[in-house]
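Structure, as structure tokens:
Residue numbers (the UniProt record's numbering): 1 to 271.
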């Protein structure tokens, strides 16, 4: 990349505030710990995160919940600590929460040709900047994890068709209640897609390939979720245990009186 191209990419890449980002991460982990029993990744997919650090990286995830931007930030920090998180967000929402712009989010207006062009231009600049991880939710709306009918928005396929190198990682996310008061947040990384392995792929080819890889990954995750197969998961964050202060206090007293060991957790999964 020549210096002129590099400078253009730097100008289009959203400016992230280092001190604000560090403060956000100090807030994020305890916040997630209070609201989830666990955040866990399927063990068979952890090795898929080992992509070359010097190549562009796109992560494409399904979009089931309000929690997605926060859990994606956590996962990015845990799996790709040397890559800066970036993700598009509705431009009107960004106007309401402007602080997000300092955390790696950038506004998009995809319901116009100008907005779509701006998204592609800024996303390419981010990918060309080297140390970025670009998170996309191509379903374009909140969607149930079992609903695979949504046609993915074309922006991701357009990006891939224009890239000379890099990787795409499909990410499947589910939020489920198993045996505890709080939910489990469960992830799986799909098979890495290497850009150079598809040199002749058109935008339509990329759309088909990425849809297949995303839905396949979601299906594998859902099978283990339905089976409540906690042994398949590696715990990345252990969250809160128990049923609440009052009830757990009574349980502690009972355990003390009866000489039994107090156990805050209700079950044995993802402890």
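Glycine residues also receive a C-beta, built at the ideal position from the N, C-alpha and C atoms.
On a predicted model such as this, the values are computed, not experimentally measured, just so you know.
Residue 170 carries a strand assignment under DSSP once its states are collapsed to helix, strand and coil. For residue 238, the enclosing beta strand (DSSP E) stretches over residues 233–238. In the DSSP assignment, residue 188 falls within the unbroken beta strand (DSSP E) covering 184–189.
Residue 106 has 88 as its beta-bridge partners, per DSSP.
With the rule of 3 Cβ pairs closer than 8 Å, the region 78–97 does not count as touching the region 198–213. Between residue 218 and residue 157, the beta carbon gap of about 18 Å keeps them out of contact (Cβ cut-off 8 Å).
When DSSP states are grouped into helix, strand and coil, residue 153 belongs to the coil group. Around the C-beta of residue 111, fewer than 16 other C-beta atoms lie within 10 Å, and the residue is accordingly described as exposed. Annotation for residue 42: the continuous beta strand (DSSP E) segment containing it runs 38–42. Our two residues, residue 148 and residue 215, have alpha carbons roughly 7 Å apart in a direct line. Judged by DSSP secondary structure, residue 19 falls within the alpha helix (DSSP H) whose first and last residues are 18–35. About 6 Å separates the beta carbon of residue 240 from that of residue 33, a gap short enough to meet the 8 Å contact definition.
Judged by their CB atoms, residue 189 and residue 169 are nearer to each other than the 7 Å cut-off. Shown here for residue 25: same chain residues with a beta carbon closer than 7 Å to its own, the five before and five after excluded, namely 77 in chain order. Per DSSP, the beta bridge partners of residue 132 are 84. Remark: C-beta atoms of residue 71 and residue 160 do not approach each other more closely than 7 Å.
Between the alpha carbons of residue 155 and residue 137 lies a distance of about 10 Å. The C-beta of residue 68 has 16 or more other C-beta atoms within 10 Å across all chains shown, which makes the residue buried.
Comparing alpha-carbon positions, the option among 222, 126, 152 lying closest to residue 105 turns out to be 126. Its chain contains 102, 103 as the residues whose beta carbon lies nearer than 8 Å to that of residue 17, once the 5 sequence neighbours on both sides are disregarded; these appear in chain order.
Inter-residue distance for residue 128 and residue 231 is about 39 Å (C-alpha atoms, whole angstroms). In the DSSP assignment, residue 61 forms a beta bridge with 171. In the three-state reduction of the DSSP assignment, residue 225 falls in the helix class, which pools H, G and I.
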